[in-house]
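Input: a single structure, listed below in structure tokens.
Protein chains in written order, with my numbering: chain A, 1 to 105; chain B, 1001 to 1154.
If you want it as structure tokens, here you go:
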């Protein structure tokens, strides 16, 4: 699994910044069958969170209706220089974490 | 006439095709309905009144591939501690289940909205409902025509 992040490296304090995230995940709905006709069990990323400078700034609950390789765009206010922590959790309990750092002037 | 007979599918082929159709029918999940969507919206709002407005739902009116449909939703709000959007939930009528995604916001979000890519199993209505910090609910609905449905393809 790999995640792609698009986070500004610097911003002015108070500026609204846009963050784009993409993670590779099949997002099996549980409604399909594999090539041998066996049902593919449901396995989706069900939760995405973004923490910035220690506080949660955005959270999203996902369902089977989200396309494979979930792409999520959201905004936050640049408040202080510090880390972003992104976290994706799937049905199997697997968690992927990525970080990015912003410098706020 | 032998040529005509030769192109007709054999009994065996017909049976195989029939079996294939049957297994397809069995895989096909139950569909959500407009009632199921209304029920899911009630679960989100707790039965409170939903007013149409303030929410912008940006989704193409006609999509070729239901497996990946761009969706963006945003809400007019000052996003201050006193007046902000706390959550936006997106619902659909005819996917196997009515919920699509729910985003949670706070004053630090700056802007209330998110964008993602979704799957649509059929031509249907998509509704976004926003919950404000004052406890009111606002919504917007869009019609989407889907030519190739999601969920039943690989």
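Glycine included, C-beta positions come from ideal geometry on N, C-alpha and C.
**Message:** Please state whether the Cβ-Cβ distance between residue 1079/B and residue 1115/B is less than 8 Å.
**Reply:** Translated into positions along the second chain, residue 1079/B becomes position 79. Translated into positions along the second chain, residue 1115/B becomes position 115. No, Cβ-Cβ distance for residue 1079/B and residue 1115/B is not below 8 Å.
**Asked** In chain C, which residues lie less than 7 Å from residue 63/A when you measure between Cβ atoms?
**Response** Among the protein chains in the structure shown, which are A and B, there is no chain C.
**Prompt:** If you drop the 5 nearest sequence neighbours on each side, which residues of the same chain put their C-beta closer than 7 Å to that of residue 8/A?
**Reply:** Position 8 of the first chain, counted from the first residue, corresponds to residue 8/A. Within the same chain, residue 8/A has close Cβ partners 17 and 102.
**Message:** In the DSSP assignment, the alpha helix (DSSP H) including residue 1039/B goes from what residue to what residue?
**Reply:** For the purposes of this step, residue 1039/B is taken as the residue at position 39 of the second chain. Run containing residue 1039/B: 1034 to 1045, per the alpha helix (DSSP H) assignment.
**Asked** Looking at the structure shown, is residue 39/A part of a helix, part of a strand, or coil, going by DSSP?
**Response** The residue given as residue 39/A occupies position 39 in the first chain. In the structure shown, residue 39/A sits in a strand (DSSP, three-state: E or B).
**Message:** Using C-beta distances below 8 Å, list every residue in its chain close to residue 1039/B, excluding the 5 sequence neighbours before and after it, in chain order.
**Reply:** Position 39 of the second chain, counted from the first residue, corresponds to residue 1039/B. Same-chain partners within the cutoff: 1098.
**Item:** Local Cβ density within 10 Å of residue 20/A, reported as buried at 16 or more and exposed below that
**Value:** The sequence position of residue 20/A within the first chain is 20, counting from 1. Classification for residue 20/A: exposed.
**Message:** Taking DSSP's pairing of strands, which residues face residue 1124/B in a bridge?
**Reply:** For the purposes of this step, residue 1124/B is identified with residue 124 of the second chain, where counting begins at 1. Bridge partners of residue 1124/B: 1144/B.
**DSSP three-state assignment for residue 1111/B, whether helix, strand or coil** = Position 111 of the second chain holds residue 1111/B. Correct three-state label for residue 1111/B: coil.
**Item:** Within chain A, partners of residue 1169/B - CB distance below 7 Å
**Value:** Examination of residue 1169/B is not possible in this model, given that chain B is present from 1001 through 1154 alone.
**Prompt:** In chain A, which residues lie less than 7 Å from residue 1123/B when you measure between Cβ atoms?
**Reply:** Within the second chain, residue 1123/B is the residue found at index 123, counting from 1. Ordered by position in chain A, no residue passes the 7 Å Cβ test against residue 1123/B, which lies about 15 Å from the chain.
**Item:** Limits of the beta strand (DSSP E) - the one that residue 1074/B falls within
**Value:** In the second chain, the residue the question calls residue 1074/B occupies position 74. Per DSSP, residue 1074/B belongs to the beta strand (DSSP E) from 1069 to 1075.
**Prompt:** So, helix, strand or coil for residue 1058/B, using DSSP?
**Reply:** Position 58 of the second chain, counted from the first residue, corresponds to residue 1058/B. Three-state DSSP puts residue 1058/B in a strand.
**Request:** Determine the contact status of residue 60/A and residue 1101/B, defining contact as a CB-CB distance below 8 Å.
**Result:** By one-based count along the first chain, residue 60/A stands at place 60. By one-based count along the second chain, residue 1101/B stands at place 101. Yes, these two residues count as a Cβ contact at 8 Å.
**Item:** Neighbourhood of residue 1075/B by C-beta, 6 Å cutoff - its chain only, sequence neighbours within 5 removed
**Value:** Here the question's residue 1075/B lines up with position 75 in the second chain. Within the same chain, residue 1075/B has close Cβ partners 1054, 1055, 1085, 1112 and 1130.
**Prompt:** Can the beta-carbon of residue 1117/B be found closer than 8 Å to that of residue 1069/B?
**Reply:** Taking the second chain and counting its residues from 1, one reaches residue 1117/B at position 117. Taking the second chain and counting its residues from 1, one reaches residue 1069/B at position 69. Against a cut-off of 8 Å, the Cβ pair of residue 1069/B and residue 1117/B comes out as a contact.
**Asked** Would a check of beta-carbon distances place residue 1118/B closer than 8 Å to chain A?
**Response** Residue numbering aside, residue 1118/B sits at position 118 when the second chain is read from its first letter. Chain A contact via Cβ: present.
**Message:** Quick check on the burial criterion: 16 or more other C-beta atoms within 10 angstroms. Buried or exposed for residue 1064/B?
**Reply:** Here residue 1064/B corresponds to residue number 64 of the second chain, with the count starting at 1. Flag for residue 1064/B reads exposed.
**Prompt:** Is residue 18/A helix, strand or coil by DSSP?
**Reply:** As a working note, residue 18/A is residue 18 in the first chain. Residue 18/A falls in the strand class under three-state DSSP.
**Request:** Take residue 1023/B and list the residues in its own chain whose beta-carbon comes closer than 8 Å to its own, dropping the five residues that flank it on each side.
**Result:** What you label residue 1023/B is simply residue 23 of the second chain in a count that begins at 1. Below a pLDDT of 50, predicted positions are generally treated as unreliable, and residue 1023/B, at 46, falls in that range; the measurement from the model is reported next regardless. For residue 1023/B, where only same-chain residues beyond five positions count, there are no Cβ hits under 8 Å.
**Prompt:** How about residue 1032/B and residue 1096/B: do their beta carbons lie closer than 8 Å?
**Reply:** Position 32 of the second chain holds residue 1032/B. Position 96 of the second chain holds residue 1096/B. Yes, the pair counts as a contact, with Cβ atoms nearer than the cut-off.
**Message:** Mapping the DSSP letters down to three states, classify residue 44/A as helix, strand or coil.
**Reply:** Here the question's residue 44/A lines up with position 44 in the first chain. Residue 44/A: coil per DSSP, three-state reduction.
**Item:** Closer than 8 Å to chain A by CB, residue 1046/B
**Value:** Position 46 of the second chain, counting from 1, holds the residue named residue 1046/B. Closer than 8 Å: no.
**Message:** Per DSSP, what are the beta-bridge partners of residue 73/A in this structure?
**Reply:** The residue you call residue 73/A lines up with position 73 of the first chain. Bridge partners of residue 73/A: 20/A and 1115/B.
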